[in-house]
Amino acid sequence: MSLTLPSPRNTLTCSKKTVKTTLAPGESAIIQTPNYPSDYNSKSKCQWKIKSTTDITITCVDFTLQSSNKRGKCADALMLDGKKFCGTSLTSYSGGTSIKAVFKSNKKKNYSGFSCYATADSGTTVTTTTPSGDCKCGQANKASRIVGGVETEVNEYPWQAAMIYSGYTQVFCGASVIGTKHILTAAHCTQAVTDYSLSYQVLTGAHDLTNAASSQLIFNAATFIQHSDYDSSTFDNDISIIVLSNSIDFTSSDVRPICLPYSDADAYDSVTATVSGWGTTSSGGSQPDVLMEVDVPTMSNSKCQSSYGSSITDNMLCAGYDAGKKDSCQGDSGGPLTYNSGSGYTQIGVVSWGYGCASAGYPGVYARVTKYLSWISSNTASSTTCPEAF
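Residues in the sequence shown are numbered from 17 upward in steps of one, following my numbering.
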């Protein structure tokens, strides 16, 4: 797939003189080290003053500076309102209506630096009460499902979302709706946003990408929260949360959230799960116009390790047939792997990686959602969801 890679919008200049900006509620700006993602220079200095009428949060999608010494002192550091951060210690910082950010480096080792989003709160008071109406998470909209087919019903899975190139409906990653303001996807999808300065939006309520339905809505992303322990070389902790600029309305059954597991007690081994997305239907093939689905059996990690060895960690879940033939593929990344208990769907995995697509003896690998319930909860406190029906 060829990529169109526009520059980030509203990236603040690095300057020794303070660069000032005022954010409207819900607006974001990017602060980065010089040369990012290449190494920053020795004796660099950047200063920013960010203001808004609402509280501002700094969220870093990448943060790699020189680590502190044995006495805990930082040689290279980002200071936020006077508080120093170095090494890989910063994921997010919550400030007031004004934040002073200062980056300084010394004469010694240089690193790739940081890319952080400063986002002003939308100003809308969001409660955790249940939305009005009959909204329930994990409820599919099923009528006459296509027997033996792989195309879903229109809006059958109302939690299905996708990351698309801004201004287009070309899907480059799947995702799922987990709350009015939050979307779950894979860390390698949000990492691509950083690596390629990608301008993207979030698509919900879609089925046929060539024929926009009234249910189809496109949202701007305020920022994203990538798991701080994501390892791009092993795909461990391959999970991210996208924070939307505006809230999703769950009044219509066309867009509803997926349920998350109660706890990590259930390993979901040897169950039939469903993966959905607009990914290619064969390795290197073309993407379909309509949302597709496939049912795949999950397996124990020990069985999966017989294919992939120690690459399979406790944070991963595997699903697929020994003979291959059915699997997630390119473009499905970040999408949901769900389990139907009979009374509703629960997301148990996030499409992550695998050897080819539907290759015999090589199942698909997913981020195991039960391992991240606390992390998801702590990063989605401002969102409203719908209760379970079961």
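For glycine and all other residues, C-beta sits at the position ideal for the given N, C-alpha and C.
Values in this document were obtained by computation on a predicted structure and should not be read as measured data.
- Annotation for Val287: no beta strand (DSSP E) segment contains it, and DSSP assigns it neither H nor E.
- Shown here, Ala405 sits in coil according to DSSP, grouped into three states, outside any helix or strand.
- For Ser248, no beta strand (DSSP E) segment is defined, and its DSSP state is neither H nor E.
- For Thr38, the number of other beta carbons within 10 angstroms of its own is below 16, and it is reported as exposed.
- Going by DSSP, Cys76 is part of the beta strand (DSSP E) stretching over Ile72 to Thr80.
- In this structure, Asn331 sits away from Asn236, with a CB-CB distance that is not shorter than 7 angstroms.
- In this structure, the straight-line span from the alpha carbon of Pro273 to that of Trp175 is close to 5 angstroms.
- Straight-line spacing of the CA atoms in Gly377 and Val291 works out to 18 angstroms.
- Going by beta carbons, Thr135 and Ser44 fall inside the 7 angstroms limit.
- Relative to Lys32, the option among Val118, Cys402 and Val310 whose CA is nearest is Val118.
- Apart from the 5 residues on each side of it in sequence, Lys123 sits with its Cβ closer than 8 angstroms to the Cβ of Ser58 and Lys59 in its chain, given in chain order.
- In this structure, DSSP gives Cys151 a state outside helix and strand, which the three-state scheme calls coil.
- For Gln155 and Ile234, the gap between their C-alpha atoms comes out near 22 angstroms.
- Ser121 is the residue among Asp305, Thr185 and Ser121 whose C-alpha sits nearest the C-alpha of Cys62.
- In this structure, Val381 places its C-beta atom within 7 angstroms of the C-beta atom of Gly370.
- The stretch 77 to 90 makes contact with the stretch 101 to 108; the number of CB pairs closer than 8 angstroms reaches 3 or more.
- Of the residues assessed, Ala281 falls on the exposed side of the cut-off, its CB having fewer than 16 other CB atoms within 10 angstroms.
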